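J.: Residue numbers (my numbering), protein chains in the order written: chain A, 927 to 1322; chain B, 159 to 448; chain C, 5 to 90. Built from N, CA and C at the ideal position, the CB exists for glycine as well. The model shown is predicted, which means the values in this text are computed figures rather than measured ones. Before anything else, here's the structure in question.
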Amino acid sequence: MRKRMVVVEGSYAVAHAVKVCKPNVISAYPITPQTHIVEDLSQFAADGEMNCEYMNVESEFSAISALIGASAAGARTYTSTTSQGLALMHEALFNASGMRLPIVMTVVNRALSAPINIWNDQQDSISQRDTGWIQLYAEDVQESADMTPQLYKIAEDEDILLPAMACMDGFILSHVYEPVILLEQSLTDEFLPDYTPEFVLDPKNPMSFGAFADPSTYTEFRYKQEKAMGVALKRIEEVALEFSEKYGRYYGGLLDGYMLEDAEIVIMAMGSVIGTIKDTIDMLRKEGENVGLLKVRSFRPFPADEIRKALKNAKVVITLDKNISVGKNEGALCTEVKACMYNNRDVLAPVIGFMLGHGGRDIPVSTIVKMINKAKLVEKGIFIESEFADLREDLA
Amino acid sequence: MSLLKPGHRGCAGCCDALAGKFVLDALGEDCIVVSPTGCLEVFTTPYPESAWGVPWIHSLFENAAAVASGVEAAFKAMGKMNNTKIIAIGGDGATMDIGLQAISGAFERGHDFTYICVDNEAYMNTGIQRSSGTPMYASTTTSPAGKVSFGNPLNKKNMPAIIAAHGSPYVATASVAYAPDMIRKVKKAAQIKGPTYVHVHAPCCTGWKFEGSKTIEVGRLAVETALWPLYEMENSEITGVRKIKNRKPVEEYLKAQGRFKHLFTMEGGAEEIKKIQATADWNVKHFGLD
Amino acid sequence: MKLIIKTVAKPGSTRANKTGAWRSFMPVFDHKLCSKCGICAIYCPEGVVHKLENGFFEPDYEYCKGCGICANECPKKAIIMVLEGK
Chain A
927 MRKRMVVVEG SYAVAHAVKV CKPNVISAYP ITPQTHIVED LSQFAADGEM
977 NCEYMNVESE FSAISALIGA SAAGARTYTS TTSQGLALMH EALFNASGMR
1027 LPIVMTVVNR ALSAPINIWN DQQDSISQRD TGWIQLYAED VQESADMTPQ
1077 LYKIAEDEDI LLPAMACMDG FILSHVYEPV ILLEQSLTDE FLPDYTPEFV
1127 LDPKNPMSFG AFADPSTYTE FRYKQEKAMG VALKRIEEVA LEFSEKYGRY
1177 YGGLLDGYML EDAEIVIMAM GSVIGTIKDT IDMLRKEGEN VGLLKVRSFR
1227 PFPADEIRKA LKNAKVVITL DKNISVGKNE GALCTEVKAC MYNNRDVLAP
1277 VIGFMLGHGG RDIPVSTIVK MINKAKLVEK GIFIESEFAD LREDLA
Chain B
159 MSLLKPGHRG CAGCCDALAG KFVLDALGED CIVVSPTGCL EVFTTPYPES
209 AWGVPWIHSL FENAAAVASG VEAAFKAMGK MNNTKIIAIG GDGATMDIGL
259 QAISGAFERG HDFTYICVDN EAYMNTGIQR SSGTPMYAST TTSPAGKVSF
309 GNPLNKKNMP AIIAAHGSPY VATASVAYAP DMIRKVKKAA QIKGPTYVHV
359 HAPCCTGWKF EGSKTIEVGR LAVETALWPL YEMENSEITG VRKIKNRKPV
409 EEYLKAQGRF KHLFTMEGGA EEIKKIQATA DWNVKHFGLD
Chain C
5 MKLIIKTVAK PGSTRANKTG AWRSFMPVFD HKLCSKCGIC AIYCPEGVVH
55 KLENGFFEPD YEYCKGCGIC ANECPKKAII MVLEGK
């Protein structure tokens, strides 16, 4: 049966996906470019299409805090934010993960101030890397929507119980109109089981949440969070396959390859830039160049083993980062890909890091071709460790 | 037996433990307690132990009201909101300083919950630093009395008035030294629909520097000198006041505590005490305490 | 080993911690002076002053920290604080 496609805004597709996951509590604060998601959800609530409490809170900090309470009370919870809002949540993100509350949040990726900028890069979610949240990055609108039930299923797994971020590039995905298949309620009901945690706030079984852990107990909380991320590594793959069986769509689990098998130059990236890279590869392949793509879908947990396996035949690896660790002159993907290879000499390919697309700067095919050309110079002994790929000479 | 179980690590004579006990005496088993960071949170729940005999959650320092509102929303959404009372119990710092925004949001949204501020007038858990609940001329570790200072130079923030301005249906002040009054007010606050507030004066023997046996005595003096008026407000109107018989001069309250000792030894201290007396006199007039 | 740590603590489990060991002064209740008003029980921060079957009150010395509030508040002065070990 051919499924009906509709042309909708990315934010609507995501809001609709949230609706069919039937969250009990949604709590959010408006911030560009996340606004359309919460507006659409508010409308669903106003039209009686959602059986949930929609909370208009006074800040992102209270948005996530309210969900901590709601999740501990046994509710399925959702919020969405971006950039400054995500940064404001920072303290509570650690708390949600440490308390093992499977909150799902769409992060509509946007640059951080200063200078203030509302456009896309991934500095916001990358900066929350160590908060203990699962982070998946979507390539297009359909994947951004489809990630939502996948993440609930992963986050709420009783051997995981970690909060999760579905990261989608601001404007590029949130505000674009694309033909998509809206998630069917009936399929989602079959795909996503109810959330039935073992412990909830309940006067009939009065447990204490968020106790004070001293040096004799604290370490094991961290250890078990890490172990849960290890379980998530498997579940992300499995759930992507289960989703594919049910809905007929697949975007990779932890990673996804494109023209990867025989590629000598492999580009690694996350998010909406994947589409441009695929176009570039199609073009270069016609010219006989062995270029391929390794899409990183899961940044946390970080699939180190799978990356090493996927890069076995690579001669040069290029990483693309829409973020920078200022003072390291590298983006996070570059640093982590290099780090995961060092102790395991299966992969000997050098890694070149490119930072680009900051604050919404466009990434055209020409920029990607330029990077590939620089990667070819490695053979001739000219090696770049890491650099900005799209600087304006007149301002730099 | 109290629902706040013994074995907790509160100081001998702890006002917070008393406040926690009175709150649970008022509410019984069918409640959920949210605690922000603070003494009460730390000394009752050293993992894997907990003194709480009711469901309890601690998240962070500044978000108790938001967490409580989320619990309430979840209970409503899941049809579990029968008679269960949702309560946040925070200290003066968590309430009047760092948590003020979340409290304002939760009261404005109108959640059905009760926020109880247990006000011991400084950050006791971190070692007696000044908060906006610290009264004028109290010596704390960050507003110490010194050669050129009488201690905290600022007046205490009027938190009940701020909450009342949100249109809360019930705001009351209470004191751990007046247990039946406090228990009655907490019970009433919990029974009234909507966001309600009880501000409890809680003398801290460690921070205020008096013997642990004097916790109740010092609390009583605050009320008897009119420095801590006991009143109730319904929909922003004062509806109940505890009158004072034989009002005492503020010196009796001040001299009972080490944190005001400098006022009796420093030159000019007597003049400054007059300012504190003026605050008490204003309370008497404003609330009609005589 | 279960992968999920129990991030929750059991209700009332601080009872494992016998705080009576903190005490330097011990409250001694004189039933001859006691009027059975129960103020000692109300204001015990540990909640461990119990009413006996005969209507008098006694603290649970396993947990009593010896703060002395009960003695200070007793209207009949029926509770005295005695140095531990004497």
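1. Under a three-way DSSP split, which group does residue 384(B) fall into?
2. Please report the distance separating the alpha-carbon of residue 421(B) from that of residue 207(B).
3. Measure the Cβ-Cβ separation of residue 1248(A) and residue 1279(A) and say whether it is below 8 Å.
4. Would DSSP call residue 343(B) helix, strand or coil?
5. Within 8 Å (strictly less), CB to CB, does residue 271(B) reach chain A?
6. Look up residue 26(C) in the DSSP assignment and say whether it is helix, strand or coil.
7. Just reading off the alpha helix (DSSP H) that residue 1010(A) is part of, what are its end residues?
8. In this structure, does DSSP put residue 267(B) in helix, strand or coil?
9. Leaving out five residues before and five after residue 182(B) in sequence, what residues of the same chain have Cβ atoms less than 6 Å from its Cβ?
10. So with Cβ pairs under 8 Å, would you call residue 49(C) a contact of chain B?
11. Find the residues of chain B that neighbour residue 985(A), judging by a C-beta separation of less than 9 Å, and give them in chain order.
12. Give me whichever residues DSSP pairs with residue 1226(A) in a beta bridge.
13. Mind checking which residues open and close the alpha helix (DSSP H) that includes residue 216(B)?
14. Buried or exposed, going by whether 16 or more other CB atoms sit within 10 Å of the CB of residue 179(B)?
15. Could you run through the stretch 172-200 of chain B and flag, in chain order, every residue whose CB is less than 8 Å away from some CB of chain C?
16. Kindly indicate which three-state DSSP category residue 1256(A) falls into: helix, strand or coil?
17. Going along the chain, which residues of the stretch 12-27 of chain C sit with their C-beta nearer than 8 Å to a C-beta in chain A?
18. For residue 282(B) and chain C, any beta-carbon pair shorter than 8 Å?
19. For the stretch 291-300 of chain B against the stretch 337-349 of chain B, are there 3 or more C-beta pairs whose distance is under 8 Å?
20. Could you list which residues in chain C have their beta carbon closer than 8 Å to that of residue 374(B), in chain order?
21. Determine the DSSP secondary structure at residue 1077(A), reduced to helix, strand or coil.
22. Taking 8 Å as the CB-CB cut-off, is residue 163(B) touching chain A?
23. What's the gap between the Cα of residue 1024(A) and the Cα of residue 1149(A)?
24. Measure the beta-carbon distance from residue 1030(A) to residue 1078(A) and round it to whole angstroms, keeping in mind my assumption that it falls under 8 Å.
25. If you follow the alpha helix (DSSP H) that residue 1173(A) is part of, which residue opens it and which one closes it?
26. Note down, in chain order, each residue of its chain lying with its Cβ closer than 7 Å to the Cβ of residue 201(B), except the 5 sequence neighbours on either side.
27. Are the Cβ atoms of residue 1054(A) and residue 1037(A) separated by less than 8 Å?
28. At which residues does the alpha helix (DSSP H) containing residue 390(B) begin and terminate?
29. Anything in chain B within Cβ reach of residue 888(A), meaning under 9 Å, just list it in chain order.
30. Would you mind sorting residue 1252(A) into buried or exposed? The rule is 16 or more other CB atoms within 10 Å of its CB.
31. Would you call the stretch 1207-1215 of chain A in contact with the stretch 1258-1265 of chain A, where contact means no fewer than 3 C-beta pairs closer than 8 Å?
32. If you measure between the beta carbons of residue 264(B) and residue 995(A), is that distance less than 8 Å?
33. What residue range does the alpha helix (DSSP H) around residue 200(B) cover?
34. Can you give me, in chain order, the residues of the stretch 1125-1146 of chain A that have a beta carbon less than 8 Å from any beta carbon in chain C?
35. What are the boundary residues of the beta strand (DSSP E) that residue 441(B) is part of?
36. Could you name the residues that DSSP lists as bridge partners for residue 355(B)?
T.: Looking at the coordinates:
1. Within the second sequence, the letter at position 226 stands for residue 384(B). If DSSP states are grouped into helix, strand and coil, residue 384(B) belongs with coil.
2. For the purposes of this step, residue 421(B) is taken as the residue at position 263 of the second sequence. For the purposes of this step, residue 207(B) is taken as the residue at position 49 of the second sequence. Straight through space, the alpha carbons of residue 207(B) and residue 421(B) are spaced by roughly 42 Å.
3. As a first step, residue 1248(A) must be located in the first sequence, where it is residue number 322. As a first step, residue 1279(A) must be located in the first sequence, where it is residue number 353. Taking 8 Å as the cut-off, the Cβ atoms of residue 1248(A) and residue 1279(A) do not count as close.
4. Position 185 of the second sequence, counted from the start, is the residue given in the question as residue 343(B). Here residue 343(B) sits in helix by DSSP.
5. Counting from one through the second sequence, the residue named residue 271(B) turns up at place 113. Among the residues facing chain A, residue 271(B) is not included, as its CB has no counterpart in that chain under 8 Å away.
6. Start at 1 with the first residue of the third sequence, and residue 26(C) comes out as number 22. Note: residue 26(C) maps to helix in three-state DSSP.
7. Here residue 1010(A) is taken as the residue at index 84 of the first sequence, counted from 1. Here the alpha helix (DSSP H) through residue 1010(A) covers 1009-1024.
8. Here residue 267(B) refers to the residue found at position 109 when the second sequence is read from its first residue. It is helical.
9. Mapped onto the second sequence, residue 182(B) falls at position 24. Apart from sequence neighbours up to five positions away, the residues of its chain that approach residue 182(B) with a beta-carbon distance below 6 Å are 161, 162, ordered along the chain.
10. Residue 49(C) sits at position 45 when you count from the first residue of the third sequence. So yes, residue 49(C) belongs to the interface.
11. The residue given as residue 985(A) occupies position 59 in the first sequence. Within chain B, the residues 224, 259, 260, 263 have their CB atoms less than 9 Å from the CB of residue 985(A), given in chain order.
12. Numbered from its first residue, the first sequence carries residue 1226(A) at position 300. According to DSSP, residue 1226(A) shares a beta bridge with 1061(A).
13. The sequence position of residue 216(B) within the second sequence is 58, counting from 1. Residue 216(B) -> not in any alpha helix (DSSP H); beta strand (DSSP E) instead, spanning 214-216.
14. Within the second sequence, residue 179(B) is the residue found at index 21, counting from 1. Sixteen is the threshold: when 16 or more other Cβ atoms of the shown chains lie within 10 Å of the Cβ of residue 179(B), as they do, the residue is buried.
15. Close to chain C, meaning a Cβ-Cβ distance shorter than 8 Å, are the following residues of the stretch 172-200 of chain B: 172, 173, 175, 176, 179.
16. By one-based count along the first sequence, residue 1256(A) stands at place 330. For residue 1256(A), the three-state secondary structure derived from DSSP is strand.
17. So the close ones are 12, 13, 14, 15.
18. In the second sequence, the residue the question calls residue 282(B) occupies position 124. The beta-carbon of residue 282(B) is placed no less than 8 Å from the nearest beta-carbon of chain C.
19. The stretch 291-300 of chain B, when compared against the stretch 337-349 of chain B, does not touch it at the 8 Å Cβ threshold.
20. Taking the second sequence and counting its residues from 1, one reaches residue 374(B) at position 216. Chain order gives the chain C residues near residue 374(B) as 47, 73, 76, 77, where near means a beta carbon separation below 8 Å.
21. One-based indexing of the first sequence puts residue 1077(A) at position 151. Residue 1077(A): helix per DSSP, three-state reduction.
22. Taking the second sequence and counting its residues from 1, one reaches residue 163(B) at position 5. No, because no Cβ of chain A sits closer than 8 Å to the Cβ of residue 163(B).
23. Locating residue 1024(A) in the first sequence gives position 98, counting from the first residue. Locating residue 1149(A) in the first sequence gives position 223, counting from the first residue. Roughly 11 Å between the two C-alpha positions.
24. Translated into positions along the first sequence, residue 1030(A) becomes position 104. Translated into positions along the first sequence, residue 1078(A) becomes position 152. Going by Cβ atoms, the distance from residue 1030(A) to residue 1078(A) rounds to 5 Å, so yes, they are a contact pair.
25. For the purposes of this step, residue 1173(A) is taken as the residue at position 247 of the first sequence. Run containing residue 1173(A): 1144-1173, per the alpha helix (DSSP H) assignment.
26. Here residue 201(B) corresponds to residue number 43 of the second sequence, with the count starting at 1. For residue 201(B), where only same-chain residues beyond five positions count, the Cβ hits under 7 Å are 166, 167, 168.
27. One-based indexing of the first sequence puts residue 1054(A) at position 128. One-based indexing of the first sequence puts residue 1037(A) at position 111. Between residue 1054(A) and residue 1037(A), the C-beta gap is not smaller than 8 Å, which leaves the two residues out of contact.
28. Your numbering for residue 390(B) matches position 232 in the second sequence. That residue, residue 390(B), is in no alpha helix (DSSP H); its beta strand (DSSP E) goes 389-392.
29. Since the displayed chain A opens at 927 and closes at 1322, residue 888(A) lies outside it and no answer follows.
30. On the first sequence, residue 1252(A) is found 326 positions in, with the first residue counted as 1. The residue is exposed, with fewer than 16 neighbouring Cβ atoms inside 10 Å.
31. In this structure the stretch 1207-1215 of chain A does not touch the stretch 1258-1265 of chain A; the number of beta carbon pairs closer than 8 Å is below three.
32. Counting from one through the second sequence, the residue named residue 264(B) turns up at place 106. Counting from one through the first sequence, the residue named residue 995(A) turns up at place 69. Residue 264(B) places its beta carbon 8 Å or farther from that of residue 995(A).
33. Position 42 of the second sequence, counting from 1, holds the residue named residue 200(B). Run containing residue 200(B): 197-202, per the alpha helix (DSSP H) assignment.
34. Listed by position, the residues of the stretch 1125-1146 of chain A near chain C (Cβ gap below 8 Å) are 1125, 1132, 1133, 1134, 1135, 1136, 1137, 1146.
35. The count along the second sequence starts at 1 and reaches residue 441(B) at position 283. Counting along the chain, residue 441(B) sits inside no beta strand (DSSP E); it lies in the alpha helix (DSSP H) bounded by residues 427-445.
36. Counted from its first residue, the second sequence places residue 355(B) at position 197. Bridge pairing for residue 355(B): 273(B), 329(B) [DSSP].
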